[in-house]
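Structure, as structure tokens:
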Amino acid sequence: QAVLRKPLRFLGMIGSIPKQRKFALRLKARGYEDDEIARLHTPLGLPIGGSTPEEIAVSVLAQLIAVRRGVRVEAGWVPPRRPAAEAGAAAETAGSDASAQNEPEVAR
1 QAVLRKPLRF LGMIGSIPKQ RKFALRLKAR GYEDDEIARL HTPLGLPIGG
51 STPEEIAVSV LAQLIAVRRG VRVEAGWVPP RRPAAEAGAA AETAGSDASA
101 QNEPEVAR
């Protein structure tokens with residue numbers, strides 16, 4: 001909590017939305033101002049659609065690199081995950097070309 005008042009370039013927190021809300025309410029109750037609480041970037045990481053710990057780590061590192069380089073990253077659209085059965089059927093219809101199975105579908 002004390003780090004919110006330090007002149008840090010970036011401060012983030014990993015956690016669920018309910019956890020983030022509880023944390024913000026606790027800070028507010030302890031006298032922190034809205035602008036101080038707003039410095040806390042939550043959820044931490046860029047929205048790349050990751051779900052494994054490794055993918056989440058990549059999204060966090062990507063966000064830290066963007067901050068370090070001075071790049072402002074807006075939250076982008078992340079395509080919904082397809083059910084495994086649908087993904088398997090799409091791979092079968094793509095043919096035997098291995099590269100086609102690994103490429104995301106692109107609207108043309």
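Everything in the sequence shown is counted per the UniProt record's numbering, starting at 1 for the first residue and increasing by one.
In this text, a Cβ means the ideal position worked out from N, Cα and C, and glycines have one as well.
Out of the options, which one is the CA nearest neighbour of residue i?
i   : options               : result
L8  : A62, V58, E36 and S59 : E36
Q63 : G70, G45 and S51      : G45
K6  : R21, Y32 and G70      : Y32
L4  : L27, R69, K19 and E54 : L27
Is the beta carbon of residue i less than 8 Å from the beta carbon of residue j?
i   : j   : result
R39 : L61 : no
T42 : M13 : yes
V73 : A66 : yes
Return the Cβ separation of residue i and residue j in integer angstroms, given the expectation that the two are a contact with Cβ distance under 8 Å.
i   : j   : result
G50 : I56 : 5 Å
Specify, as a first and last residue, the run of the alpha helix (DSSP H) that residue i falls within.
i   : result
L64 : P53 to R69
L27 : I17 to A29
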